[in-house]
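Here is the structure we will look at.
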Amino acid sequence: MCMRHMFRQKAMLVLAIMAILGVEVVLTTQPAAAAEVVVVYTARHYGQEPLFEAFTKQTGIEMQSFDGSPSELFERLKAEGDKTPADVLISVDAGNLWNAAQAGLLAKIDSSALQVNIPAHLRDPENRWFGLSVRARTIMYNTGKVKPEELSTYEALGDPKWKNRLCLRSSNHIYNQSLLATMIKRFGEAKVEAIVRSLVANNPTLIDSDTRILESIAAGECDVGITNSYYLGRLLAKDPNFPVAPFWANQQTTGTHVNISGAGVTAHAKHRANAIKLIEFLSRPEAQQLLVNSNFEYPANPQTPVHPLLAKWGPFKQDDINVAAAGELQAAAIKLADRAGYK
Ligand SMILES: [Fe+2]
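So the sequence shown is residues 2 to 344, counted in the numbering used here.
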């Protein structure tokens, strides 16, 4: 008797015993089709629920998502290796996505939809991650104390006229590391170090929260600062008279510094096709609006209308240097800040 017959006989015997014991056995000739699914690790915490529901409704693909901070998700993906259940990583700050790609946690994807929907400076040149929302980090000023004509560039905040009037985030936060990294890419280390020294010489108040910087500007504790624009969007949504406005930095020169939140397909995705479908879905204008509006961010896809509150601030020129610079030069930015005495 061949092995297959023996196995089949044994299986029949087991089934017969189960039937005697009253266990209900349903025999099917085909295994049931597995439900379509995509598993997401996400470090974004705003406006995703309606978005994921819309994706499932449109595609029939079930979403499973797990939250964590960028570093938690990075460590988790690294520890899980090829056993990871994650198909998609969504993270904030290009520096974090760049680190994940460098560590081999993200796979290249070839998608013409993403090439069209996401501008080149907001995605990995090697197609391992794609920006989905844009975060502009710009100059903020007290509307009662500063005239926009007095402002121009990030560099010009080093002018002595701003002495004791500046609020800045400390240099250990990734937002400012990314800003400095981009400036290094643009201007070179020597020039950026001189700029940072001039900012430090103006005796800035260092505050560890973008929201608190804006509140300090509103309270008159400082006149100008640098923050991500969505924090101002949130405050203005609560109080339309909040006395702070954005000034679009470097419009005559390099453009305002932007960063992203974005996504990539994991290197060991078990549902790679679904993962690509999800990221493509997130890059389309309908999904982009759901993604960015709840947090007052800018859409990465320029075909998407911006939130009415942001429309009031007018259009601005983005620095179109690739946001990958935030990762590439992060270590250099940290060292430079240290040398220049920027705590
Ligand atoms: Fe933020």
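In this text, a Cβ means the ideal position worked out from N, Cα and C, and glycines have one as well.
Source: prediction; values computed, not measured.
In the structure shown, Q59 falls within a helical segment according to DSSP collapsed to helix, strand and coil. For A238, no beta strand (DSSP E) run applies; the uninterrupted alpha helix (DSSP H) run containing it begins and ends at 230 to 239, by DSSP. Within the segment 121 to 192, complete beta strand (DSSP E) segments of at least 3 residues are found at 131 to 143, 167 to 169, given in chain order. Around the beta carbon of V117, fewer than 16 other beta carbons lie within 10 angstroms, which makes this residue exposed. At the C-beta level, R166 and C223 come within 8 angstroms of one another. When C-alpha distances from E54 are compared across L123, L283, A332, the shortest belongs to L283. In the three-state reduction of the DSSP assignment, S92 falls in the strand class.
Burial state of A238 is exposed, judged by a 10 Å Cβ sphere holding fewer than 16 other Cβ atoms. Taking C-alpha positions only, A195 is separated from N204 by approximately 15 angstroms.
Checking the DSSP bridge columns, you'll see D68 partnered with T43. If you check the CB distance, I110 and A264 do not come in under 8 angstroms. Distance between S72 and T43, taken at the CA atoms: about 11 angstroms.
Checking the DSSP bridge columns, you'll see I322 has no partner listed.
Here L123 is near I261, since their CB atoms are less than 8 angstroms apart. The DSSP-derived three-state label of A312 is helix. Every beta strand (DSSP E) of 3 residues or more that sits fully in the segment 218 to 300 is shown, in chain order, as 225 to 229, 245 to 248, 258 to 267.
N229 has its Cβ nearer than 7 angstroms to a heavy atom of ligand 1.
Per DSSP, the unbroken alpha helix (DSSP H) holding Q331 starts and ends at 331 to 340. Here the C-alpha atom of P126 lies approximately 13 angstroms from the C-alpha atom of S112.
Assignment of beta-bridge partners to A108 by DSSP yields V266.
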